[in-house]
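To start, the structure under review is shown below, and the notes come after it.
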Amino acid sequence: MTEYVSTTPGLFPLPDWAKDDLSDLKGHQKHDLVSGDEGEEITAAYEEAREEVIDVQEDANLDRIAEGQLRWDDMLAHPLAVHDAVDTQGIVRYYDNNNFYRDPVVQGDLDFSGDVANELEAAAELTDGDLQAVLPGPYSLADLATDEHYGDEADFLAAIADFLAGEAEAFPEVETLFLLEPSLVESAPEDGQDERASEAIDQVASATDADVVVQPYWGALEEKVYAHLLDADIDAVGFDFVANQEDNLYNVQEYGATDDISLGLVDGQNTLVEDPEAVRDRVDWVYDQIPVSEFETVYLTTNTETFYLPYAKFEEKLAVLAEAADLAEVKAA
3 MTEYVSTTPG LFPLPDWAKD DLSDLKGHQK HDLVSGDEGE EITAAYEEAR EEVIDVQEDA
63 NLDRIAEGQL RWDDMLAHPL AVHDAVDTQG IVRYYDNNNF YRDPVVQGDL DFSGDVANEL
123 EAAAELTDGD LQAVLPGPYS LADLATDEHY GDEADFLAAI ADFLAGEAEA FPEVETLFLL
183 EPSLVESAPE DGQDERASEA IDQVASATDA DVVVQPYWGA LEEKVYAHLL DADIDAVGFD
243 FVANQEDNLY NVQEYGATDD ISLGLVDGQN TLVEDPEAVR DRVDWVYDQI PVSEFETVYL
303 TTNTETFYLP YAKFEEKLAV LAEAADLAEV KAA
């Protein structure tokens with residue numbers, strides 16, 4: 003029988019009090035963003051906020067508990083932005099939305115950092131629930147960064163994959179790892195690149211015993227990109243059914259799917275709060291459209307990160323996901 007798992011792609015909004023406190027503690031300039039060497043007051047504020055977002059997920063009865071990535075001022079670029087071999091330079095638009103990040107310019111070897119593993123270790127001490135790790139996918143992280151060291155696009159992607167694999171190897175025990183890959187949609191790899199992107203994802207996925215979900219969003223993957231992605235040793239591919247239903251369905255109908263699937267059915271950027279039964283009905287609708295009789299695991303999630311949302315709306319959407327998964331389980335039984 004299919005297991006329905008409620009979860010998120012991480013990158014949560016800060017609680018309102020934390021946003022105010024950290025704004026006062028950190029300042030408002032580019033050089034005030036997280037660099038990996040925050041002082042005691044800033045660290046304490048993030049620790050308290052982490053505890054709160056973990057409590058919120060537990061109160062909502064989510065099946066996977068994410069650390070929240072509250073320190074990720076640079077969104078998916080964060081693991082590079084805090085690395086010693088990286089210089090954060092000019093401000094760059096984060097894809098095509100109204101958020102910006104510091105351009106992480108790689109100027110040396112990307113050796114082990116441990117920043118994300120340290121966050122997960124702290125989260126593991128706060129919950130007995132099933133922990134979920136979140137990383138940028140290697141293709142997206144390479145796409146968001148600037149290379150001034152490796153000198154070759156393929157070599158740079160390979161170095162990013164090696165770096166992320168090393169980070170994943172250092173994680174505490176986690177049930178699931180979400181690799182977020184919006185660039186597979188927004189800056190689709192060309193011939194040759196698509197195969198290398200799949201190989202890079204495979205390398206990161208192979209570094210952990212957790213179930214690995216590759217979550218693209220803001221649309222659907224091009225056919226060849228999707229077909230190559232299925233060659234990677236991953237457990238699930240995610241589909242953004244908020245942004246694009248037709249092309250995502252076509253990919254599954256034409257090329258099949260992994261044994262597990264992640265369904266982005268709740269809007270991570272819109273403040274309108276969905277009805278849990280409507281989300282459950284969307285799950286049924288997906289099943290009716292594709293030639294797969296049953297998945298082993300179905301992850302129910304927002305289509306994108308949730309830091310775009312006001313904190314109160316974020317809390318409500320967590321509850322919607324959890325209830326929708328429970329409703330789907332009951333119907334399946």
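Per our numbering: the sequence shown = residues 3 to 335. For every residue, glycine included, the Cβ atom is placed at its ideal position computed from N, Cα and C.
Excluding five sequence neighbours on each side, which residues of the same chain lie with their C-beta closer than 6 Å to the C-beta of Val254? Ile292
Can you tell me the Cα-Cα spacing of Glu42 and Val36, whole angstroms? 13 Å
Can Leu159 and Pro140 be called in contact, C-beta distance under 8 Å? yes
CB Asp132 to CB Arg66, shorter than 8 Å? yes
Would you kindly check if the distance between the Cβ of Val118 and the Cβ of Thr148 is under 8 Å? no
Should Ala314 go down as buried or exposed, given a rule of 16 or more other Cβ atoms within 10 Å for buried? exposed
Candidates Val94, Glu317, Pro15 and Gly240: closest to Asp213 by CA position: Gly240
Quick check on the DSSP output: what are the complete alpha helix (DSSP H) runs of length 4 or more inside the segment 31-67, in order along the chain? 42-62
Would you mind working out which of Pro184, Glu54 and Ala234 sits nearest Trp220, comparing C-alpha positions? Pro184
Compute the beta-carbon to beta-carbon distance between Gly344 and Val84, rounded to the nearest angstrom, for a pair I have assumed lies under 8 Å. Here the chain has residues from 3 to 335 only, and residue 344 is not among them.
Look up Leu181 in the DSSP assignment and say whether it is helix, strand or coil. strand
When the Cβ atoms of the segment 10-20 are set against those of the segment 273-286, are three or more pairs found closer than 8 Å? no
Rounded to whole angstroms, what's the CA-CA distance from Ile162 to Glu169? Just pull it up for me. 11 Å
Give the straight-line distance between the Cα atoms of Tyr289 and Pro106, rounded to the nearest whole angstrom. 41 Å
Contact belief for Asp269 with Glu298 at Cβ below 8 Å, rounded distance in angstroms: With 8 Å as the limit, Asp269 and Glu298 do not qualify as a contact, their Cβ atoms being about 26 Å apart.
To the nearest angstrom, report how far apart Ala259 and Leu128 are at their CA atoms. 35 Å
C-alpha gap between Ala199 and Leu329, whole angstroms: 36 Å
Residue range of the unbroken alpha helix (DSSP H) whose run includes Leu72: Here Leu72 belongs to no alpha helix (DSSP H), and DSSP marks it neither H nor E.
Start and end residues, alpha helix (DSSP H) containing Ser142: Pro140 to Leu146
In whole angstroms, give me the CA-to-CA distance for Glu40 and Pro191. 36 Å
Are the segment 316-323 and the segment 67-82 in contact at 8 Å, needing three or more beta carbon pairs? no
Go through the segment 70-137 residue by residue and report every complete run of the alpha helix (DSSP H) that reaches 4 residues or more, in order. 80-83 and 117-126
Could you tell me which residues DSSP pairs with Thr299 in its beta bridges? Glu5
Can you find the residues in the same chain that come closer than 8 Å, C-beta to C-beta, to Thr303, ignoring five residues on each side of it along the sequence? Ser8, Thr9, Thr10, Pro11, Gln217, Gly240, Ser264, Leu265, Gly266, Leu267, Val268 and Leu323
State the Cα-Cα distance for the pair Val300 and Arg282, rounded to the nearest angstrom. 12 Å
Cβ-based burial, Val332 [other Cβ within 10 Å; buried from 16]: exposed
Can you tell me which of the three DSSP states Gln271 falls into? coil
Sequence-distant residues of the same chain with beta carbon closer than 7 Å to Asp233, five excluded per side: Ser200
Backbone CA spacing between Arg284 and Ala209 [nearest angstrom]: 33 Å
On the CB-based measure, 16 or more other CB atoms within 10 Å of its CB, does Pro15 come out buried or exposed? buried
For Ala350 versus Tyr6, is the C-beta distance shorter than 8 Å? Here the chain has residues from 3 to 335 only, and residue 350 is not among them.
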